[in-house]
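Colleague: Handing you a structure now.
In the UniProt record's numbering, the protein residues as written are 1 to 328.
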């Protein structure tokens, strides 16, 4: 009787040890699937404890939801979008009004014959239409880049979820990087071109300041201080009068058209510079997001392989358990 009792105790010990091993394996597998919810078709699930059960006190409130939503906002892309919109709006709005004021100054003071500045008027009118197109295009492009920033932010923050990056999404991100680079180079040229009228108006303004200075005011040499617009190439050399001197030039500097056009050209140049900075900012963001998406795809492929291996391990364990049960 005693050996039989010892044998039964040993069998009970082995069975309890086997149950402990199996329960430990189940706990490890459950912990893995809790950490990586993207893996599917698994048989073992973690057993919720009393502390893990949902309750009204443990449910996330409004503050937690707001924090979660704010965590998914691409603040860098948002700042770049606001800067881009502001720069384009300043350049387009102020540039349009300043070009109209420039035409008025030329027609009233430097070129009284309409045929002399007809080509310039057509070019300025064409530039105004181009400004409309630039404003519309960058409004749409800024929204697209902001949406792409939300997309990549979600992709990076949900590496372990059901969200997966695709080759098409990475290709689109790479295309945005190239297009933003091209637009940045183009806006460098626009920024340099917008500085030309500022230079011209500054020369006229500085000449007027020389005429107003006490050293030259009241002297006979005032009428010899002139500004010739023809030397800038915006009107032909046969334009009349083309050159304004002395008190007439001072009167031009005191007009509202000159004052407004000069300062609006300065603001438009500043807007073009802000747009260049915004595009450089966008280029850095897009390059970083593209690298994150590339790493995310590699991490997702690694997780899929690991989940497949874990599933095969579970199948082997289940078959071993079935064979063990059949023997016993």
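Ideal Cβ positions, reconstructed from N, Cα and C, are used throughout, including at glycine.
Write down every uninterrupted run of the alpha helix (DSSP H) in the region 172-254 whose length is 4 residues or greater and which is fully enclosed by it, in chain order.
Modeller: Qualifying alpha helix (DSSP H) stretches, in chain order: 246-253.
Colleague: Starting from residue 111, follow its DSSP beta bridges and name the residues at the other end.
Modeller: Looking at the DSSP assignment, residue 111 forms a beta bridge with 241.
Colleague: Just to confirm my understanding: we take residue 54, look at its own chain, exclude 5 residues before and 5 after, and list those with CB closer than 7 Å. What are they?
Modeller: Reliability fails at residue 54, whose pLDDT of 44 lies under 50, so the model's placement of it is uncertain and no value is given.
Colleague: Tell me whether residue 136 is buried or exposed, calling it buried when 16 or more other Cβ atoms sit within 10 Å of its Cβ.
Modeller: Result: exposed.
Colleague: Under a CB-based cut-off of 7 Å, is residue 137 close to chain D?
Modeller: Structure shown: chain D not included; a single protein chain is present.
Colleague: Would you decide whether residue 226 is buried or exposed? Buried here means 16 or more other CB atoms lie within 10 Å of its CB.
Modeller: Per the 10 Å Cβ criterion, exposed.
Colleague: Output the distance between the C-alpha atoms of residue 202 and residue 195, rounded to the nearest integer angstrom.
Modeller: Each residue's alpha carbon lies about 10 Å from the other.
Colleague: Would you tell me roughly how many angstroms separate the C-alpha atoms of residue 98 and residue 206, rounded to the nearest one?
Modeller: So the alpha carbons of these two residues sit roughly 19 Å apart.
Colleague: For the candidate residues 109, 178 and 280, whose alpha-carbon lies nearest to that of residue 228?
Modeller: It is 109 whose Cα lies nearest to the Cα of residue 228.
Colleague: Could you tell me the alpha carbon to alpha carbon distance between residue 187 and residue 275, rounded to whole angstroms?
Modeller: Residue 187 and residue 275: Cα-Cα distance of roughly 7 Å.
Colleague: Excluding five sequence neighbours on each side, which residues of the same chain lie with their C-beta closer than 6 Å to the C-beta of residue 245?
Modeller: For residue 245, where only same-chain residues beyond five positions count, the Cβ hits under 6 Å are 223 and 226.
Colleague: Would residue 268 pass as a contact of residue 84 if the rule is Cβ separation under 7 Å?
Modeller: No, they are not a contact pair.
Colleague: Taking the CB atoms as reference points, tell me whether residue 213 and residue 290 lie closer together than 7 Å.
Modeller: Not in contact: residue 213 and residue 290 (Cβ atoms no closer than 7 Å).
Colleague: How would you label residue 114, buried or exposed, when you count the other beta carbons within 10 angstroms and need 16 or more for buried?
Modeller: Exposed is the call here.
Colleague: Going along the chain, which residues of its own chain have a beta-carbon closer than 6 Å to the beta-carbon of residue 261, five neighbours each way excluded?
Modeller: Excluding positions up to five away in sequence, the list reads 98, 101 and 102.
Colleague: Determine the direct distance from the alpha carbon of residue 279 to that of residue 319, and round the result to whole angstroms.
Modeller: Taking the straight line joining both Cα atoms gives about 59 Å.
Colleague: According to the Cβ coordinates, are residue 285 and residue 76 closer than 7 Å?
Modeller: Contact flag set, yes.
Colleague: From what residue to what residue does the alpha helix (DSSP H) around residue 73 run?
Modeller: No alpha helix (DSSP H) holds residue 73; DSSP gives it neither H nor E.
Colleague: Using the beta-carbon count (16 or more within 10 Å), is residue 111 buried or exposed?
Modeller: Buried, since its Cβ has 16 or more Cβ neighbours within 10 Å.
Colleague: Can you check whether the CB of residue 142 is closer than 7 Å to the CB of residue 392?
Modeller: As displayed, the chain neither begins before 1 nor continues past 328, which places residue 392 out of reach and without an answer.
Colleague: Using the three-state DSSP reduction, which class does residue 25 fall into: helix, strand or coil?
Modeller: Residue confidence for residue 25 is low, a pLDDT of 44 falling below 50, so the modelled location carries little weight; the figure read from the coordinates is stated next. Residue 25: helix per DSSP, three-state reduction.
Colleague: Apart from the five residues just before and just after residue 281, which ones in its own chain have a Cβ nearer than 6 Å to its Cβ?
Modeller: Within the same chain, residue 281 has close Cβ partners 80.
Colleague: Would you tell me roughly how many angstroms separate the C-alpha atoms of residue 73 and residue 294, rounded to the nearest one?
Modeller: Cα to Cα, the separation comes out at about 20 Å.
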